[in-house]
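Read through the structure below, which is laid out as structure tokens, and then see the notes.
There are 4 protein chains.
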Amino acid sequence: MSTNSFGRLFRVTTWGESHGPALGATVDGCPPGVPVDEAMLQHWLDRRKPGQSKYTTQRREPDAVRILSGVFEGQTTGMPVQLMIENTDQRSKDYSEIMDKFRPGHADITYWQKYGIRDYRGGGRSSARETAARVAAGGLARAAIAALAPGVTITGYMTRVGVHAIDRDRFDAAQIGENPFWCPDPQAAATWADYLDGLRKSGNSVGAVVEVVASGVPAGLGAPVYGKIDTDLAAAMMSINAVKGVEIGEGMAAAELTGEANADEIFMGNDGQPVYASNHAGGILGGISTGQDIVVRFAVKPTSSILKPRQTITKSGEAAEIITKGRHDPCVGIRAVPVGEAMMACVVLDHLLLHRGQVGENRGRIG
Amino acid sequence: MSTNSFGRLFRVTTWGESHGPALGATVDGCPPGVPVDEAMLQHWLDRRKPGQSKYTTQRREPDAVRILSGVFEGQTTGMPVQLMIENTDQRSKDYSEIMDKFRPGHADITYWQKYGIRDYRGGGRSSARETAARVAAGGLARAAIAALAPGVTITGYMTRVGVHAIDRDRFDAAQIGENPFWCPDPQAAATWADYLDGLRKSGNSVGAVVEVVASGVPAGLGAPVYGKIDTDLAAAMMSINAVKGVEIGEGMAAAELTGEANADEIFMGNDGQPVYASNHAGGILGGISTGQDIVVRFAVKPTSSILKPRQTITKSGEAAEIITKGRHDPCVGIRAVPVGEAMMACVVLDHLLLHRGQVGENRGRIG
Amino acid sequence: MSTNSFGRLFRVTTWGESHGPALGATVDGCPPGVPVDEAMLQHWLDRRKPGQSKYTTQRREPDAVRILSGVFEGQTTGMPVQLMIENTDQRSKDYSEIMDKFRPGHADITYWQKYGIRDYRGGGRSSARETAARVAAGGLARAAIAALAPGVTITGYMTRVGVHAIDRDRFDAAQIGENPFWCPDPQAAATWADYLDGLRKSGNSVGAVVEVVASGVPAGLGAPVYGKIDTDLAAAMMSINAVKGVEIGEGMAAAELTGEANADEIFMGNDGQPVYASNHAGGILGGISTGQDIVVRFAVKPTSSILKPRQTITKSGEAAEIITKGRHDPCVGIRAVPVGEAMMACVVLDHLLLHRGQVGENRGRIG
Amino acid sequence: MSTNSFGRLFRVTTWGESHGPALGATVDGCPPGVPVDEAMLQHWLDRRKPGQSKYTTQRREPDAVRILSGVFEGQTTGMPVQLMIENTDQRSKDYSEIMDKFRPGHADITYWQKYGIRDYRGGGRSSARETAARVAAGGLARAAIAALAPGVTITGYMTRVGVHAIDRDRFDAAQIGENPFWCPDPQAAATWADYLDGLRKSGNSVGAVVEVVASGVPAGLGAPVYGKIDTDLAAAMMSINAVKGVEIGEGMAAAELTGEANADEIFMGNDGQPVYASNHAGGILGGISTGQDIVVRFAVKPTSSILKPRQTITKSGEAAEIITKGRHDPCVGIRAVPVGEAMMACVVLDHLLLHRGQVGENRGRIG
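Residue numbers (the numbering used here), protein chains in the order written: chain A, 1 to 367; chain B, 368 to 734; chain C, 735 to 1101; chain D, 1102 to 1468.
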């Protein structure tokens, strides 16, 4: 039992602080024989890397990942894989401001209250830098999925920045990589650019909604009743820094539907597989995948570290005003997209392995 | 590792099917010396019990809980507590309809696809009857919380049924127990009564939103970074049958806020404890409780078992129309309220124990 | 995490006390489609049942096992299997003797010191009655092994009672079921009968050594470095009441061998599989099965509940003499044989599933 | 669930191979506020370090440990502690001998059969080098124990090398650090020196028995019935490379005792605490510590890598003779002493935390 670990058979433990010498992920349970190298993992880390546009923190980190164990001659061996990322841009600075004052909306105060000691430099363990380790582990999960279930694809994008949502009618998957916001709606991307420019200049920040879709996942992944694939996805996404809500398929809006409207009717496809008339369920029934797209969505709150002055207290209990200078994200949701993808990859792989272990090929045929 | 278990130190494993001889919860890790008896647990089960109004299933189950182990002379001993509920109203009926046809929106098809065998009677393991075991375990958790952290209260209620939400300005906690909907807004309760009458008569169903609040939880519960208290709550609530979304504090709406608006400013209270100007965070920062109310909300989709005919397929792959007769809930969200409370109780107790184990009293003082 | 659970994918949680209403095992992770019924489990329980000869406790318990969940139409469904055994012979008696006095060599004192409360009736949770639940779970494991790896057999027997060991040259597997001691050496069995008669009459007890062998286990089960199959066997056997030592293969005697003598030389068999010239390793290399017999041995200490007077203290700290009257075993090792077999079955099944999940069929061929 | 992890609240995951770039331990759950630095850990690593006498492998590794996370300003923060040891003496050599041939008594063949791929260099993950990571983690556990339960001491020593055991009458704790064998009997140490010289020169190796004692451990640690402290110790020790047997207290010899002889009689000490007339139980009753010395003993088999020619097969199934040249230990038991101590430290700390979490201070008083 480790509170810094997730997954059952594909077990990821992350470690490290924002301004320590390094951070990383210890991954146990990756199947043997998976082709992987550092470049394959770096690909995904580069997508999350800070400082790539003016819309994310200007901290300069190469985020170069090293594989320290578990890979031999280009393949996993089934042994633990240690993925390490050294911190290089731990800019020497004056921490007196956040050393003693608690940023509102930030973990500063609760870490202090809980532990009586905290590495305040850059947020320490509670920094979003921790998610770099997740992305590295997610890259390994993707490599293993590619070997085990080659048809699976995992794609994340933003559907909302503050008050501006995408228009689903303009959804174009090809656009996702064409703007700094992982936005599938080019018109929304333009709106967001202006909107975030304004927020950034005023020293403010804003929240966002990220959606991640896994396609090609075979039917039958997930397990009753606390190992449901949606349960694991909810935990995985809620564990990402600043996430305050998680939805599967119809999500919170399911509350407004009738049973008649919500039922995804089933038909038999030409290939002898069931097809569904709709996907309100987000690809999951009773916690088990249907074979449809698995759709998860999560809300990221706005960064707490802003230039706007806020009222707070100090460690000694005195009233104070705080302004957080530094290299922060006006919309941390942007960098959460590759993180959400990584978590989806880990959950899908974990359930592929779990199904294989606990059920084997003992599936029910239809038709 | 068990997919039918949740919790770390307070570990609950539920077992049993809708129409088997019994169901229950095996609870390991309850601290010793907690006063508890069957009547204390029955109190909570009675709140969830079906057949108490025309708005829930008419199945008649006494849901009488027996304590088979772990309690001696009125106190827990620290040994596993077995809580068993016998199924008594397994009405003999013709299951040929759902034995071969898959209900749209239901786990019928995925259980079949995954396992190649399923107890189709009443939904088997995927039935909401499983939640009776959770409520029993939650009752035990409440008893332990009362012993360990007496100031904690846990209250659930509905905030939405279909298109009708409560008006927060009319929120009156005293009303929650006064209507069959756990509704804190008497005007909304009246609206829901009419609305559900109509749905019930037409053989339809509808979704709902449930909110659960834990007050008096001490600051410092929760743990980085996958053992966050909000991560555990998200998993706990998402694991409840039919839940499709989970929110903490501001929830999905946090995406629309700026950092300035979202920051819960901190002041020093007269009692030497921090007080917050607002609670957008839902009582959790960095995954750790602040001492404010912990607020979680979840959406329950409409029951899939409805009298409206829907298109589906049979096990042999043939097209079919299905109407689910039987004793089902027009709004299963109603019975989810005590279940949500039970899950909150289990999570809070688990983190009380975990904090005590891993941190002890080593907390940081403010002031 | 539960301290009353063992196993990874085949996860067994036992519950119940010696003199409570019932005890049992909650088993999660049994693969679906395994043919099993109560009679199959009862077969193994009957072997462990007390009161079958004058050499074991005269408590009369039918130890009738009921399957309360997870089995449908004669097959497992993949859902949790609840196995319950009601206690029927909780003979009303005067417990004042052991209620206040601690039996030397017994858990009485440590349970009291740890928990501040204990169910003293018949030893409560620390009674060897708990092992009935293990045997039930082991029966289920055997059924699953029969389905997944039909060539596996698991056999336990005693190799020593007190100062009298078997002669390996007289080892005859066919004799094991022919005497009340699971003794493969009929001459030793006769010696033990006289020896135990004497001990029983004098109110004394004695220890024993039990050996369990699993044959036909495929090569490749087990995992580095804390999930070794020998690590799991050591934990499984040491967790049985009164066990004080566990050996794999050569065991403690391996310390006296040279590397040259200890090396099990390898040859190629006619069937294209490796064969070994010897089995000092007990069928396990680097924690992973070789395909040879897996051999584990454990020492059971003598029962602490004896008629011989011993010095002890009371709860109030006063010196006292204690004689434990009641229905106890002169050699509790006898009833440990089916328990050891059950633990072996659970460990082997668990590793069959774990290998399938984490490695699949990705094995290295030889030749 | 990770097979490379052990411990419940103090959770250690080791990673790394003999000839990879580095190895280490990811430790989660260390309490906050524990004073620790690299020098404190290095102290324990230096005791295990190879190449310190002619009786252990001549591989030259500084085994310098780095703390990469979880420690801030000289104290633990409650966050994961990453302990990394770089491999520096990965001497470039010809591996063609062991790349294709399986060493008898070694994990070569089983790793190949299980995974279909293995890092054969120096034994890869199955090398005893992995235990360096355990010793680092054990050093951290010792630091935490010093903070939480300052009276605890943990001491390991050898009691047997091959056919030569120590004489308990000559036991002198002060001698343990005075010879290269951690031998408490100086006369035995002299015998072993000659004996091992002979074995080393002839290219042979031999087994050993190691005993580890924890003194000052409070009564009440351990938990029923699979979380017994002896169960955890059995698993911990059996997981060490080459261990084939584990004993608690009287161990295998308990089988030869009568109940009368085995009962550790209890008296009341002058300090109001129970005292025991003997310690056959090894400080553990019912899986829970009594407050006496906790005594565990384990047998280490002789190193498989020897210069004596042995018969084996190649990957392609051909018969072959093998001689393992290289820098190996004539008695790997010597270096197992600090490893056994480290495992004891981890288990004791884990149960200190677990007791605190699940039971708190709710102990039963005597007197």
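The C-beta atom is built at its ideal place from N, Cα and C for all residues, glycine as well. Predicted, not measured: the structure shown is a model, and the values here were computed from it.
**Item:** Chain-ordered residues of the region 1005 to 1019 of chain C with a beta carbon less than 9 Å from chain A
**Value:** none
**Prompt:** Just reading off the alpha helix (DSSP H) that D:Val1212 is part of, what are its end residues?
**Reply:** Going by the sequence as given, residue 1212 of chain D is Tyr instead of Val. Bounds of the alpha helix (DSSP H) holding D:Tyr1212 are Asp1209 to Tyr1216.
**Message:** Can you pull the chain D neighbours of C:Gln1137, defined as C-beta to C-beta under 8 Å?
**Reply:** Absent from the model: residue 1137 of chain C. The displayed extent of chain C is 735 to 1101, so no value can be given.
**Request:** Determine the closest residue to A:Ile98 out of A:Gly122, A:Lys228, A:Asn87 and A:His355, with distance taken between C-alpha atoms.
**Result:** A:Gly122
**Message:** Given this structure, state the Cα-to-Cα distance separating D:Asn1380 from A:Thr290, to the nearest angstrom.
**Reply:** 60 Å
**Request:** Look up A:Arg11 in the DSSP assignment and give the residues it is bridged to.
**Result:** A:Asp28
**Prompt:** Is it buried or exposed for D:Gly1383, if we count other Cβ within 10 angstroms and need 16 for buried?
**Reply:** Under this definition D:Gly1383 is a buried residue.
**Prompt:** Applying a beta-carbon distance threshold of less than 7 Å, which residues of chain C neighbour B:Ala431?
**Reply:** Those within 7 Å of B:Ala431 in chain C number zero; the least Cβ separation is about 14 Å.
**Message:** Below 8 Å on C-beta distance, what does B:Val576 contact in chain A?
**Reply:** Simply Met252 and Ala255.
**Item:** Proximal residues of chain D, C-beta to C-beta of A:Ser202 below 8 Å
**Value:** Correct list: empty, because the minimum Cβ distance to chain D is about 34 Å.
**Message:** Ignoring anything shorter than 3 residues, give me the beta strand (DSSP E) runs that lie fully in the region 274 to 323 of chain A, in order along the chain.
**Reply:** 274 to 276, 294 to 300, 310 to 313 and 319 to 322
**Prompt:** For chain D, is any of its Cβ atoms less than 8 Å away from the one on A:Asp119?
**Reply:** Chain D contact via Cβ: present.
**Prompt:** Skipping 5 residues on each side, what residues in its chain have a beta carbon closer than 6 Å to that of B:Phe665?
**Reply:** Val577, Met604, Val610 and Val613
**Request:** Mind checking which residues open and close the beta strand (DSSP E) that includes A:Glu211?
**Result:** Ala208 to Ser215
**Prompt:** Taking the alpha helix (DSSP H) that D:Trp1296 falls in, what are its first and last residues?
**Reply:** The displayed chain sequence assigns Tyr, not Trp, to residue 1296 of chain D. Looking at the DSSP string, the run of the alpha helix (DSSP H) that includes D:Tyr1296 is Pro1287 to Lys1302.
**Item:** Span of the beta strand (DSSP E) around C:Met1078
**Value:** Per DSSP, C:Met1078 is not a residue of any beta strand (DSSP E); the alpha helix (DSSP H) it occupies stretches across Gly1067 to Gln1092.
**Message:** Give me the chain D residues within the contact set of A:Thr226, using Cβ-Cβ distance strictly less than 8 Å, ordered along the chain.
**Reply:** Note that residue 226 of chain A is Tyr in the sequence shown, not Thr. Going along chain D, no residue has its Cβ under 8 Å from A:Tyr226, so there is no contact; the nearest lies around 14 Å.
**Asked** Where does D:Glu1361 sit, in a helix, a strand or coil, going by DSSP?
**Response** Three-state DSSP puts D:Glu1361 in a helix.
**Prompt:** With respect to the beta strand (DSSP E) encompassing A:Glu130, which residues constitute its N-terminal and C-terminal limits?
**Reply:** Premise fails: A:Glu130 lies in the alpha helix (DSSP H), Glu130 to Leu148, not in any beta strand (DSSP E).
**Request:** Just grab the DSSP bridge partners of B:Glu807 for me.
**Result:** Chain B is shown only over 368 to 734; residue 807 of chain B falls outside these bounds and no answer can be derived.
**Prompt:** Helix, strand or coil: which one does DSSP assign to D:Ala1355?
**Reply:** helix
**Prompt:** Using a Cβ-Cβ distance under 8 Å, would B:Arg470 count as near chain D?
**Reply:** no
**Asked** Of all Cβ atoms in chain A, is any one closer than 8 Å to the Cβ of B:Lys668?
**Response** Taking Cβ atoms only, chain A reaches closer than 8 Å to B:Lys668, which makes this a yes.
**Message:** Between C:Val959, C:Ile963 and C:Gln809, which has its C-alpha nearest C:Gly741's C-alpha?
**Reply:** C:Ile963
**Request:** List the endpoints of the continuous alpha helix (DSSP H) containing B:Gln409.
**Result:** Where B:Gln409 is concerned, the enclosing alpha helix (DSSP H) stretches over Glu405 to Arg415.
**Asked** Closest to B:Pro591 by CA distance: which of D:Asp1147, D:Thr1158 and D:Gly1179 is it?
**Response** D:Gly1179
**Delimiting residues of the alpha helix (DSSP H) encompassing B:Ile465** = Ser463 to Asp467
**Asked** Candidates D:Ala1274, D:Cys1284, D:Thr1211 and D:Gly1171: which alpha carbon is nearest D:Ile1414's?
**Response** Closest by alpha carbon: D:Thr1211.
**Asked** So does the region 864 to 881 of chain C actually touch the region 768 to 779 of chain C, counting three or more Cβ pairs closer than 8 Å?
**Response** Yes, since at least three Cβ pairs between the region 864 to 881 of chain C and the region 768 to 779 of chain C fall closer than 8 Å, the two stretches touch.
**Under 8 Å between C-beta atoms of C:Asp931 and C:Ile900** = no
**Request:** Using a threshold of 8 Å, state whether the C-beta atoms of A:Ile288 and B:Ala474 are closer than that.
**Result:** yes
**Message:** To be precise: take each residue of the region 1127 to 1139 of chain D, compare its Cβ to all Cβ atoms of chain B, and keep it if any distance is under 8 Å. Which residues remain?
**Reply:** Those residues of the region 1127 to 1139 of chain D placed with their C-beta closer than 8 Å to a C-beta in chain B are Gly1130, Pro1132, Pro1133 and Gly1134, ordered along the chain.
**Message:** Suppose contacts are defined by Cβ-Cβ distances below 8 Å. Is D:Ile1385 in contact with D:Leu1408 by that definition?
**Reply:** no
**Message:** Taking the beta carbon of D:Glu1231 as the centre, do at least 16 other beta carbons fall within 10 Å, making it buried, or is it exposed?
**Reply:** Counting the other CB atoms within 10 Å of its CB gives D:Glu1231 a total of 16 or more, which places it among the buried residues.
**Prompt:** beta strand (DSSP E) containing C:Ile963: first to last residue?
**Reply:** That residue, C:Ile963, is in no beta strand (DSSP E); its alpha helix (DSSP H) goes Ile963 to Met972.
**Prompt:** Between C:Ala862, C:Arg837 and C:Ala948, which lies nearest to C:Ser752 when the distance is taken from Cα to Cα?
**Reply:** C:Ala862
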